[in-house]
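Notes follow the structure.
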Amino acid sequence: MDLTSSQHNYLQNELLQNWWQICSLTNLSAGEKEDEQIVAEIMRRRFFPAVITHETWEGFHFAGHEIRITEATDCYGAVVWPSALVLCYFLETNSKQYNLVDKNVIEIGAGTGLVSIVASLLGAFVTATDLPELLGNLRHNVLRNTKLKSKHQPCVKELSWGIDLEKNFPRSSCHFDYIMAADVVYHHPFLDELLLTFDHLCKNDTVILWAMKFRLEKENKFVDRFQTLFDLEMISNFPSLNITLYKAMRKDSMKASLPN
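In terms of this note's numbering, the sequence shown is numbered consecutively and its last residue is 262.
Below, the structure written as structure tokens:
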């Protein structure tokens, strides 16, 4: 996805705002102390290269491993957003309740692959998906950080939301225990297609773990539409980052239908 000049500026400003919020946590009120402490712990998992090289990357500590992620700031899908860190931290610290060992996991909008990598290191069969132009960098990150480290080698696969879903992910043969999504709802024109994709991939026993940063009202309304199909439960909330982590499962199939 090529970015216009205005979109590129929006992306840079968004990244700066995210990390400014994180660096300003010490200014939170006493009532937000727990939020401050957990977010600070999450951000301590992030580190930067000691020496600047030709490759732009940043590092993270999750699932007992050092993870190096190659990224770029000219594309929404090629940078690590704070929502991904929130979801990775949750997967690691709740690995008993949400045991991923030998589970089938798909990540939609995988971007740089951080969530998929962590899920793989925690023992899952992982399918990391995104747009075709992002697959090269996604595959590079996934392979570099999971080869000879994961119980099951992850799969990287193209998934354009709402397109050829039955062809590429047939309902009869594709069953996912978990669908992972981090920051897939933002200022883009494919929210209808995103909802169709959730609907197609999710079986009655599939668990969706979805980290979302709240930004604009249009995007926030997606949550209401999402709840026409899925029962939604907030399992973590970080007001300082405007990020909420949800767990969702399909409603009774006789009662659910896609909104007009």
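Where is the CB? At the ideal position from N, CA and C, for every residue including glycine.
In this text, all values refer to a predicted model and were calculated from it rather than measured experimentally.
Helix, strand or coil: how does DSSP classify residue 30 here? No answer about residue 30 holds up, because its pLDDT of 44 lies below 50 and its placement is not dependable.
Distance, Cα to Cα, residue 196 vs residue 163?
Answer to the nearest angstrom: the Cα atoms are 5 Å apart.
In the stretch 178-234, which residue ranges form an unbroken beta strand (DSSP E) of at least 3 residues, counting only runs that do not cross its ends?
Runs found: 180-184 and 209-215.
Which stretch, first to last residue, makes up the beta strand (DSSP E) that contains residue 107? In this chain, the beta strand (DSSP E) harbouring residue 107 covers 106-110.
- Cβ distance (whole Å) where residue 137 is taken to contact residue 182 below 8 Å: With a Cβ gap of about 17 Å, residue 137 and residue 182 do not count as contacting.
Classification of residue 122 by the beta-carbon crowding that lies within 10 angstroms, buried from 16 upward | By the neighbour-count rule (16 or more Cβ atoms within 10 Å), residue 122 is buried.
Q) Rounded C-beta distance between residue 154 and residue 127? I'm assuming under 8 Å. A) The pair is a contact, with the Cβ atoms about 5 Å apart (cut-off 8 Å).
Please check the pair residue 277 and residue 92, which I expect to be a contact at CB under 8 Å, by giving their CB distance rounded to whole angstroms. Nothing can be reported for residue 277: it is not among the residues displayed for the chain, which extend from 3 to 262.
Measuring alpha carbon to alpha carbon, tell me which of 130, 72, 46 and 65 ends up nearest residue 58.
Checking every option, the nearest Cα to that of residue 58 belongs to 72.
Handout entry: the stretch 132-148 touching the stretch 109-116, judged by at least three CB pairs closer than 8 Å
Key = The stretch 132-148 is in contact with the stretch 109-116.
- Query: In whole angstroms, what is the alpha-carbon distance linking residue 27 and residue 141?
  - Reply: Residue confidence for residue 27 is low, a pLDDT of 43 falling below 50, so the modelled location carries little weight and cannot support an answer.
Are the CB atoms of residue 244 and residue 223 within a distance shorter than 7 Å? No, the Cβ-Cβ distance between residue 223 and residue 244 is not below 7 Å.
*Using DSSP bridges, identify the partner residues of residue 245.*
According to DSSP, residue pairing for residue 245 in a beta bridge involves 215 and 240.
Between 49, 173, 220 and 231, which has its C-alpha nearest residue 67's C-alpha?
Scanning 49, 173, 220 and 231 for the CA closest to the CA of residue 67 turns up 49.
Cβ pair residue 80, residue 170 closer than 7 Å = Not a contact, by the Cβ cut-off of 7 Å.
- Assigned exposure category for residue 85 - 16 Cβ within 10 Å defines buried: Counting the other CB atoms within 10 Å of its CB gives residue 85 a total of 16 or more, which places it among the buried residues.
request  = Drop a sphere of 10 angstroms on the beta-carbon of residue 152, count the other beta-carbons inside from all chains shown, and report buried for 16 or more, exposed for fewer.
outcome  = So residue 152 counts as buried.
**Whether residue 88 touches residue 130 by CB criterion (7 Å)** = Going by C-beta atoms, residue 88 is not nearer than 7 Å to residue 130.
Task: Burial state of residue 111, where buried means 16 or more other Cβ atoms lie within 10 Å - done: Residue 111 should be labelled buried.
- Given that a residue counts as buried once 16 or more other Cβ atoms are within 10 Å of its Cβ, and exposed if not, what is residue 109? Within a 10 Å sphere around the beta-carbon of residue 109 sit 16 or more other beta-carbons, which makes this residue buried.
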